[in-house]
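In our numbering, the protein residues as written are 102 to 600. Accompanying notes for the structure given below.
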Amino acid sequence: MEQLEQIEEGMPVIYGGNKLTRVTADLAEAFGPGDRLVVVQKTGDLLHIPSAEDEIAAAAVGAAYAAFGRMGSVTDEQLSAFYEAFASRLEDESSFASIRKANEADVSDARNRGRTVTRLVLSEQMRADMVSGLRGWRDMPSVRGSVIETVQHKGWHIDQLVSGLGVVGFVFEGRPNVFADATGVLRTGNTVVFRIGSDALGTARALVEYALDPAIEEAAIPVGAVSLVESPSRATGWAMFSDGRLALAIARGSGAAVAQLGAVAAQSGIPVSLHGTGGAWIMSHPSADSKAFELAVYHSLDHKVCNTLNTCVIVQDRAEELVPIFLEALEKAGTRKGTNPKLHVAEGSEHFVPAEWFERHVTIGRAEGEVAEPQAELVSIDRLGVEWEWEDSPEVTLVVVNTIDEGVALFNAQSPKLAVSLIAEDEAAYDQFFNAVDAPFVGNGFTRWVDGQYALNRPELGLSNWEGGRLLARSGILSGDSIFTIRTRVVQTNPDLGR
């Protein structure tokens, strides 16, 4: 088969069946023999995969694929031993010292480049959560080989059994704790190959060297069962997600990057689970208790992740009372972080907010450092779903609506359809809200409960929103033990059977 060895500026490329894009000068110059060009059929994006990056990704996927072929002989006791050995090395100060040093270097480098480090810092709390999560996998009963259904026939019967799915490809942003979460797929007999964001690559390499690889060796798990793609290039993610040896592709991070990776995998025939855009909403019902509302807002703004409060909806009947309470909770959340909060107010709701919020300039903690900004700014009503990626200063949108039904309609139309809470004393109103709102995670208090380890005692691989449609027969929390397939086995007791 003839190979593409060069491309020219202006060369037409068809995508989506009837659309056209063209090769840029930079792409034409960079493309060389052995490179690959992936055309994203949804968007027309032309993704250049240099041959060197393609080889790195292929080798990592290959190692995980080979290891999966040997996972059938790995016992549950070996897997438990692996998780304990991994956890013990994270807990041990002598082995963790090198990991901490690598993480400090990553954080310093990211800060120097004006990058956000909110998720990058491997704090003592994150370390403890990683250890706890790994021991959770250690203690979790295995479902590998378990019979979930038996169908009896005369002289024979059918068993439906849980079995490993295969190689799980995992791309995630620079959060070191997700590294440990990813190993949960081994519990159901899978293997994993992953690429971590470039900001955290040094930390990932140290985790592999000082904790993961020694644990794999100690438990005699097949080498390659957990494979790291050791490249900072995004091209390795594209290469990985277009490798047909993957049984499932999981991506989490920023919305645009996750959507692009998902498109690459989907057009390559690989099942996809995406965990990207987030931002939670809180709505106040006319029956809301003011203290419960205040606490829900405050406790939903401790840290910026996908389940952090992003948009607050207050009904007009209670706005005169609750908007000041909301603003006070927002300021308290900023004080807790040692900075000031940032407020976006939907056009039409500004008269509920004191004018001084719009007039005064305050210091806001951004990824690039402290900057002076107006504390409150207007935002158009069609931008309620914009997710504010804040660093230190809690950043929220406020909108006042006539009714909760109006708030639900705005949520269903504009939000990423991830997490939402209704603060209400009226139980019937809450039930009605639950049935009307289009979200997988619905609560009646703070939004930060939406987390696999916190809520289900199982480290998560990610939280799926419903932007791309509802999920089939499972929660939006994807955990290691939820990745499996079903095999069918027949047991024939009467040898004289025929059809």
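No residue lacks a Cβ here, since even glycine has one placed at the ideal position from N, Cα and C.
Quick check on residue i: does DSSP put it in helix, strand or coil?
i    : result
R306 : helix
I584 : coil
P560 : coil
T548 : coil
N536 : helix
P113 : strand
A350 : strand
A400 : Residue identity differs from the one stated: residue 400 is His in this sequence, not Ala. Helix.
I482 : helix
H386 : coil
F132 : coil
E490 : coil
S374 : strand
I415 : strand
E103 : coil
G265 : coil
Q554 : helix
W458 : helix
E421 : helix
F507 : The question names Phe, but residue 507 is Glu in the sequence shown. It is helical.
I524 : strand
P315 : helix
V141 : coil
V501 : strand
I322 : coil
Starting from the Cα of residue i, find the closest Cα among the options and give me that residue.
i    : options                : result
A348 : T378, V248, S264, A525 : S264
A336 : T125, P151, G118, G363 : P151
G303 : E331, A326, N278, V286 : E331
S391 : T412, T289, G173, G546 : G546
S481 : R288, A153, G449       : G449
D300 : S494, A131, E319, E274 : E274
G370 : T436, V359, G345, R353 : G345
G234 : I584, R559, F132, F585 : R559
V327 : G544, E103, M172       : M172
K86  : V416, V398, E478       : This structure cannot settle anything about residue 86, because the visible part of the chain is limited to 102 through 600.
A211 : E194, G298, F187, R137 : G298
A188 : V232, A182, A447       : V232
F377 : V502, L428, S516       : The question names Phe, but residue 377 in the sequence shown is Gly. It is S516.
W238 : S181, V252, V218       : S181
Do residue j and residue i have their beta-carbon atoms positioned less than 8 Å apart in this structure?
i    : j    : result
L511 : F542 : no
A350 : A366 : yes
Q107 : A321 : no
Q261 : T498 : no
K405 : E490 : yes
Y311 : R236 : no
P315 : V175 : no
G581 : T289 : yes
A307 : A203 : yes
G135 : V124 : no
A430 : E395 : yes
T440 : D506 : no
V272 : R296 : yes
G563 : R353 : yes
L121 : H149 : no
V416 : F453 : no
G435 : P442 : yes
S522 : G544 : yes
D532 : H386 : no
S374 : E154 : no
A389 : A525 : yes
Can you pull the DSSP bridge partners for residue i?
i    : result
R58  : The shown model of the chain, from 102 to 600, leaves out residue 58, and the question about it has no answer.
Q253 : H258
T122 : V114
T589 : Q261
S328 : V294
F271 : F295, I351
E496 : K443
H149 : L138
P517 : Note: P517 sits in no beta bridge, so no partner.
Under the criterion of a Cβ to heavy atom distance below 7 Å, does residue i qualify as lining the ligand GTP?
i    : result
R484 : The ligand GTP is not part of this structure, which contains no ligands at all.
Discussion item. Counting beta carbon pairs with one atom in the region 531–538 and one in the region 562–581, are three or more of them shorter than 8 Å?
Written reply: no
Fill in: Sufficient close CB pairs (3 or more, under 8 Å) joining the region 352–371 to the region 214–225
no
Item to complete: Indicate whether the contact test is met: 3 or more Cβ pairs, each with one atom in the region 278–290 and one in the region 134–148, closer than 8 Å.
Response: no
Worksheet item: Are the region 450–470 and the region 374–385 in contact at 8 Å, needing three or more beta carbon pairs?
Response: no
Discussion item. Would the region 410–418 count as touching the region 555–570 if we require 3 or more Cβ pairs under 8 Å?
Written reply: no
Worksheet item: Do three or more CB pairs link the region 267–277 to the region 150–169 at distances below 8 Å?
Response: yes
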